[in-house]
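Below is one structure, written out as structure tokens, with a few remarks after it.
Numbering (the working numbering), first residue to last: 2 to 125.
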């Protein structure tokens, strides 16, 4: 068994993706009044799920190669000026992403506490 198993790698990737998404969401908000600007987002969850499934089956190469991808969100309505950013929706995405990031940090802390407990042979 590896010291830092698939869980640590997955948490690291998910934290990185949440950080990248925060950058992208901030960029969307900064361009809310830019004519023709198209909303961007980070597509990561589906690809991560596939890579984790592959890693559980013994193929870690997909997990090791994971990177969050930024793409244009084509599912949103475009305003008359060609901009597709909705401030209220972006703020909701920022709040959701913040909750996700904090949950991932807590999971990482718990995993590290467990590892520390095991290494110390159960002594606190």
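Ideal Cβ positions, reconstructed from N, Cα and C, are used throughout, including at glycine.
Owing to the predicted nature of the structure, the values given are computational and were not obtained by experimental measurement.
- As the crow flies, the alpha-carbon of residue 72 is around 13 Å from that of residue 18.
- Counted as a single uninterrupted DSSP element, the alpha helix (DSSP H) harbouring residue 13 occupies residues 7-31.
- For the pair residue 61 and residue 78, the Cα-to-Cα distance works out to about 39 Å.
- Scanning 82, 110, 28 for the CA closest to the CA of residue 43 turns up 28.
- Residue 7 is a Cβ neighbour of residue 56, given a cutoff of 8 Å.
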